[in-house]
Amino acid sequence: MDENIHDALELSLNDWQILFAEWGEQKFRASQVCQWIYAKKVFNYHDMSNLSKTLREKLSDNILMTLPVLIRQQNSRDGTKKFLWQLSDGSRIESVLLNHGSYKTACISSQAGCPLSCAFCETGANGFTRNLTRGEILGQFLTMEKLNGADIHNIVFMGMGEPLLNEQNVFSAIRSLNDKNMRNLGARHITISTSGIVPGIEDLADFEIPLRLSLSLHAPNDNLRSKIMPVNKTYPLQKLITALKRYRDRTGERITIEYALIDHVNDAPEYAYETAALLDGLEPYINIIPFNPIPSKPEFKRSDNARVKEFCRALTELHIEFELRKERGGDIMAACGQLAGNK
Ligand code: SAH
Ligand code: SF4
Numbered sequence: 064m065d066e067n068i069h070d071a072l073e074l075s076l077n078d079w080q081i082l083f084a085e086w087g088e089q090k091f092r093a094s095q096v097c098q099w100i101y102a103k104k105v106f107n108y109h110d111m112s113n114l115s116k117t118l119r120e121k122l123s124d125n126i127l128m129t130l131p132v133l134i135r136q137q138n139s140r141d142g143t144k145k146f147l148w149q150l151s152d153g154s155r156i157e158s159v160l161l162n163h164g165s166y167k168t169a170c171i172s173s174q175a176g177c178p179l180s181c182a183f184c185e186t187g188a189n190g191f192t193r194n195l196t197r198g199e200i201l202g203q204f205l206t207m208e209k210l211n212g213a214d215i216h217n218i219v220f221m222g223m224g225e226p227l228l229n230e231q232n233v234f235s236a237i238r239s240l241n242d243k244n245m246r247n248l249g250a251r252h253i254t255i256s257t258s259g260i261v262p263g264i265e266d267l268a269d270f271e272i273p274l275r276l277s278l279s280l281h282a283p284n285d286n287l288r289s290k291i292m293p294v295n296k297t298y299p300l301q302k303l304i305t306a307l308k309r310y311r312d313r314t315g316e317r318i319t320i321e322y323a324l325i326d327h328v329n330d331a332p333e334y335a336y337e338t339a340a341l342l343d344g345l346e347p348y349i350n351i352i353p354f355n356p357i358p359s360k361p362e363f364k365r366s367d368n369a370r371v372k373e374f375c376r377a378l379t380e381l382h383i384e385f386e387l388r389k390e391r392g393g394d395i396m397a398a399c400g401q402l403a404g405n406k
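Below, the structure is given as structure tokens:
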């Protein structure tokens, strides 16, 4: 256990059980506290009515309940909500709540900033501060769920940062979201999006919870991909594809490929053919996402409709399954790649 031991969201169920054993409390009390926090979103120990008054007081005296502080909430015309949070060290991060009717998806940050500097991403352009702790990851989700007043159905690690560069804390948070005694969120409702961190994908293939995996491809050859995603120099495509195939074989899960069309950068139909060849045997599902303009790269533009159509026509010819995504939250800078933590 680490220095954060005395902060509620930093504790796994096992940590709570160890702590309660030390306090001479019964084991099931640990599950009760976790039910209050994770299922009922009750963050004040005094409101945990099935615990004795003495235990409630002991909890409030000894275990902090640190939650991200909401600095600003913005509501998009399409129902998307963006939340700016301040963390205990002053770092600012963002999360997004996406709305598909009553079906909600939380888009969560895993790092304050991102060290990978993809050319098209505002988060990357603003540099890297630090990894988020498991409690800071869970705090975004639980606080949004409380504000939402009803369950959020999905969580996607597509906010700020690269989740597979903060694997330990991300996996620990996911174990608690998935645990039946905590949030009980099904594995199929949890997606990790990665820019292609090969060792992390290998660990995901062996992870005890079969999470969904989304790969941000954006370019089908090493030359172009290294130009727009420097991480490709460390983990080139051949190594990446081998890791993806292993993940596919081990989990049986279909991988989603993200491909944002940037005008005259990666949107020529030839790249659709190259993508199909590269992913041969993987049975991918491709999300074609509109490029979201960012202030730090005015020269990168969204492909016009004709070019999008050409690219999609090529994919159809190649019998590749894909979906043309609509932009969401663009009017409040909440769309993919636009999160900057108010810098
Ligand atoms: N670091 C992880 C997850 C966060 S980024 C990753 O890169 O996968 C979430 C998604 O937004 C990724 O698919 C990323 O490639 C995409 N993205 C980044 N900047 C974008 C932009 N300006 N327009 C559209 N998508 C973008
Ligand atoms: Fe980091 Fe993902 Fe943005 Fe690349 S796209 S800079 S990996 S957050």
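Using our numbering, the first residue of the sequence shown is number 64, and each one after it goes up by one.
Each residue gets a CB set at the ideal place from its N, CA and C atoms; glycine is no exception.
- In the structure shown, ASN138 adopts extended strand secondary structure according to DSSP, grouped into three states.
- The beta-carbon distance between ILE325 and PHE363, rounded to whole angstroms, is 5 Å. This is short enough to meet the 8 Å contact definition.
- Taken from the Cβ of ALA340, every heavy atom of the ligand SAH lies 7 Å or farther away.
- Taking a cut-off of 8 Å on C-beta distances, the stretch 271-283 touches the stretch 314-324, as three or more cross pairs fall below it.
- For the pair VAL261 and LEU303, the Cα-to-Cα distance works out to about 6 Å.
- At a cut-off of 7 Å, the beta-carbon of ILE237 does not count as near the ligand SAH: no heavy atom of the ligand is closer than that.
- The three-state reading of DSSP puts HIS216 in coil, since its state is none of H, G, I, E or B.
- Annotated three-state conformation of ASP326 is coil, per DSSP.
- In chain order, TYR101 and LEU240 place their CB closer than 6 Å to the CB of ARG246, counting only its own chain and leaving out the 5 sequence neighbours on each side.
- Setting aside the 5 residues that flank it on each side, PRO356 is surrounded in the same chain by PHE363, LYS364 and ARG365, each with a C-beta closer than 8 Å to its C-beta; the list follows chain order.
- Counting of Cβ neighbours within 10 angstroms places ILE156 among the buried residues, the total reaching 16 or more.
- With a cut-off of 7 Å, the C-beta of GLY187 is classified as near the ligand SF4, since at least one heavy atom of the ligand falls inside that distance.
- Under DSSP, ILE349 shares a beta bridge with ILE320 and PHE385.
- Annotation for LYS104: no alpha helix (DSSP H) segment contains it, and DSSP assigns it neither H nor E.
- Within the DSSP bridge table, the entry for VAL371 names no partner.
- Per DSSP, CYS170 is one residue of the beta strand (DSSP E) stretching across 166-170.
- In the displayed model, LYS121 falls within a helix according to three-state DSSP.
- Between the alpha carbons of SER112 and ILE215 lies a gap of roughly 25 Å.
- Counting of Cβ neighbours within 10 angstroms places ARG376 among the exposed residues, the total staying below 16.
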